[in-house]
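J.:
Number of protein chains: 2
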Amino acid sequence: MSGLITLTTDEHAALDRIEERRRQVRKGTVIQHSEERVTELFVLREGMMMSYVLLPDGSRQILRFYFPGEIMGMAGMGYRNAPETLCALADCVVCPFEKAAVSRLMVDHPRLGAMLMAFSQIERAVLTDRLASLGRTSARARVGALLLELHNRLRARDGRGNGTFPLGLTQEEIGDATGLTSVHVNRMLRQLEEDGLITREAGHVTIGDVAALARATHHVDRYAALDLSWLPPAR
Amino acid sequence: MSGLITLTTDEHAALDRIEERRRQVRKGTVIQHSEERVTELFVLREGMMMSYVLLPDGSRQILRFYFPGEIMGMAGMGYRNAPETLCALADCVVCPFEKAAVSRLMVDHPRLGAMLMAFSQIERAVLTDRLASLGRTSARARVGALLLELHNRLRARDGRGNGTFPLGLTQEEIGDATGLTSVHVNRMLRQLEEDGLITREAGHVTIGDVAALARATHHVDRYAALDLSWLPPAR
DNA sequence: CGGGTAATTGAATCTCGTCAAGCTGGGTGG
DNA sequence: CCACCCAGCTTGACGAGATTCAATTACCCG
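If you read the protein sequences in the order shown, they are chains G and U. No gaps in the numbering here: position 214 of the first sequence is 214 in UniProt numbering, and each next residue is one more. No gaps in the numbering here: position 214 of the second sequence is 214 in UniProt numbering, and each next residue is one more.
1. Quick one: grab the DSSP three-state call for residue 234 of chain G.
2. At a Cβ threshold of 9 angstroms, is residue 123 of chain U touching chain G?
3. To the nearest angstrom, how far is it from the Cα of residue 183 of chain G to the Cα of residue 43 of chain G?
4. So, are the CB atoms of residue 101 of chain U and residue 168 of chain U less than 9 angstroms apart?
5. If we ignore side chains and look at the alpha-carbon of each, how far apart do residue 76 of chain U and residue 37 of chain G end up?
6. Please name the residue, chosen from U/146, U/72, U/120, U/22, that lies closest to residue 93 of chain U on a Cα-to-Cα basis.
7. Would residue 135 of chain U pass as a contact of residue 61 of chain G if the rule is Cβ separation under 9 angstroms?
8. I need the straight-line Cα distance from residue 151 of chain U to residue 219 of chain U, nearest angstrom please.
9. Starting from the beta carbon of residue 231 of chain G, find every residue of chain U whose beta carbon is closer than 7 angstroms, and list them in chain order.
10. Are the CB atoms of residue 189 of chain G and residue 216 of chain G nearer to each other than 9 angstroms?
11. Pick helix, strand or coil for residue 88 of chain G, following the three-state DSSP scheme.
12. For residue 16 of chain U, which option in U/59, U/153, U/2, U/180 has the closest C-alpha, if you only look at C-alpha atoms?
13. Let me know the secondary structure DSSP gives residue 102 of chain G once reduced to three states.
14. Residue 182 of chain U CB to nearest chain G CB: under 9 angstroms?
15. Starting from residue 84 of chain G, find everything on chain U with Cβ-Cβ shorter than 9 angstroms and list it in chain order.
16. Answer with yes or no whether the minimum CB distance from residue 80 of chain U to chain G is below 9 angstroms.
17. Taking 8 angstroms as the cut-off, does the region 102 to 122 of chain G touch the region 46 to 57 of chain G (at least 3 CB pairs, one atom from each stretch)?
18. Return no unless some Cβ of chain G is closer than 9 angstroms to the Cβ of residue 236 of chain U.
19. Cα separation between residue 173 of chain G and residue 48 of chain G?
20. In chain order, which beta strand (DSSP E) runs of at least 3 residues are fully inside the region 102 to 179 of chain G?
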């Protein structure tokens, strides 16, 4: 949050309290099972995680990837049981906290509450972009758009913009996120490479011309062009 | 909201203030254009609306259908320009209000703010269900799941549960929501009918056995099994 | 240096899209 | 009151894109 607004001392303290408890989780660990009782949310501090649902036939749809600083499990807020599974894609550090802490935050620090609301709407916009991607674009565009999204999210964090980033996903995971099979993901990656839109090397992907790939995949960067001028003043 | 919690007089008044202004819109009218400046949100009072995005090639992805009582345009909260288009599917009545009204609401009535947050998370869960539907299920299941969702949403409003509801959508619109062509939607509707899962007559659809259709389409009712016990007390 | 997971590639198959043609029903104007 | 019109629905034939199945090959970890 501190990247977008200047936090007061009180607000900073309130956010720190939420991240009090720490927990190490190893790659592959599930910290929240779909359909099981949920009382906690998590902040991701280090690593990379994902949320997904499993269908009765065993197929998996990955809903979202999480990077450090993001809140995981918000979708469970309104429900008794978790609507999705949270699983670590790498060794991670997470901070679990109670649902009620969010409601305390909204009472004591309305500006942070409004900020949370804005974030969940940005997340919604990203989700709807993926919906359009799955519903109305080719396999090639879907894979390319996913690479761009990962690139933008990582760049928003570390500031570097040289177009290279560690993939951190198997082709099967890319397939489960884009609604394709791992075999077809492989072919599409190859095609993107042959078209000169990306290069691959040792688990890293390089996007030579971000704008060109964005054009080829109809991708929009939802982490740009924000408007938070309507936020209430800090208390 | 009054269906889920008991509102105080003050809370009721605050919500009424939001719905002060009224506007009639005729079928087909666009009240918010994607990529154009947005300062207002809307409450839908009567009718049925949808939000969608258009891709550069002209294809359309319908993101969501709106029914009376729901807030439209929340996704625009964090942005200067609207990420989606809002269009009336029937003659409607809407109540426009300023973005800042939401932030005032969150300051003055934290419980309503938390409620809004819960709603947006429920909406998120519905969206992720659609994502799984588009990414990992057959055309038949997608169409069936959409019918079930419309049925559940209408039932949540009017209470009737006899399985019959007015469709109010063309097959092309169903296709744009499910990522299919109108031609294939037609075939899938026919197939669902031949399988005895639905019947159609004069623009109305009847779902004989809701549970059976839910099984065939992997559909979950996200408007059931809510947990709002963590909400803060009313101010 | 194994052993297992992930990536790669080819061939056959199937689902869904495309194109094209006819049909139907409700609204409109002569 | 009827003929027409037009959007939406229906159906068939064909093709493209993605899946499935199967078999190697490359890579990472201990």
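Ideal Cβ placement from N, Cα and C applies to all residues, glycine included. Owing to the predicted nature of the structure, the values given are computational and were not obtained by experimental measurement.
T.: Well, looking at it:
1. Stepping through the first sequence from its first residue, residue 234 of chain G is reached at position 234. Three-state DSSP puts residue 234 of chain G in coil, outside helix and strand.
2. One-based indexing of the second sequence puts residue 123 of chain U at position 123. With 9 angstroms as the cut-off, residue 123 of chain U counts as an interface residue toward chain G.
3. The count along the first sequence starts at 1 and reaches residue 183 of chain G at position 183. The count along the first sequence starts at 1 and reaches residue 43 of chain G at position 43. Distance between the alpha carbons of residue 183 of chain G and residue 43 of chain G: 34 angstroms.
4. The residue given as residue 101 of chain U occupies position 101 in the second sequence. The residue given as residue 168 of chain U occupies position 168 in the second sequence. Contact: no.
5. For the purposes of this step, residue 76 of chain U is taken as residue 76 along the second sequence, with counting starting at 1. For the purposes of this step, residue 37 of chain G is taken as residue 37 along the first sequence, with counting starting at 1. Spanning the two alpha carbons is a distance of roughly 32 angstroms.
6. Within the second sequence, numbered from 1, the residue matching residue 93 of chain U stands at position 93. That would be U/22, whose Cα lies nearest to the Cα of residue 93 of chain U.
7. Within the second sequence, residue 135 of chain U is the residue found at index 135, counting from 1. Within the first sequence, residue 61 of chain G is the residue found at index 61, counting from 1. Yes, they are a contact pair.
8. As a first step, residue 151 of chain U must be located in the second sequence, where it is residue number 151. As a first step, residue 219 of chain U must be located in the second sequence, where it is residue number 219. Rounded to whole angstroms, residue 151 of chain U to residue 219 of chain U spans 12 angstroms at the Cα level.
9. Counting from one through the first sequence, the residue named residue 231 of chain G turns up at place 231. What residue 231 of chain G touches in chain U: 103.
10. Start at 1 with the first residue of the first sequence, and residue 189 of chain G comes out as number 189. Start at 1 with the first residue of the first sequence, and residue 216 of chain G comes out as number 216. No; because the gap between Cβ atoms is not below 9 angstroms, this pair is not in contact.
11. The residue given as residue 88 of chain G occupies position 88 in the first sequence. Residue state, collapsed to three classes: strand.
12. Residue numbering aside, residue 16 of chain U sits at position 16 when the second sequence is read from its first letter. Measuring from the Cα of residue 16 of chain U, the nearest candidate turns out to be U/2.
13. If you number the first sequence from 1, residue 102 of chain G lands on position 102. Looking at residue 102 of chain G - three-state DSSP - the assignment turns out to be helix.
14. On the second sequence, position 182 is the one that residue 182 of chain U refers to. No, because no Cβ of chain G sits closer than 9 angstroms to the Cβ of residue 182 of chain U.
15. Position 84 of the first sequence, counting from 1, holds the residue named residue 84 of chain G. Simply 125, 128.
16. Within the second sequence, the letter at position 80 stands for residue 80 of chain U. Judged by the 9 angstroms Cβ criterion, residue 80 of chain U is in contact with chain G.
17. no
18. The question about residue 236 of chain U has no answer, for chain U in this structure spans 1 to 235.
19. Walking along the first sequence from the start, residue 173 of chain G turns up at place 173. Walking along the first sequence from the start, residue 48 of chain G turns up at place 48. The straight-line gap from Cα to Cα measures roughly 13 angstroms.
20. 164 to 166
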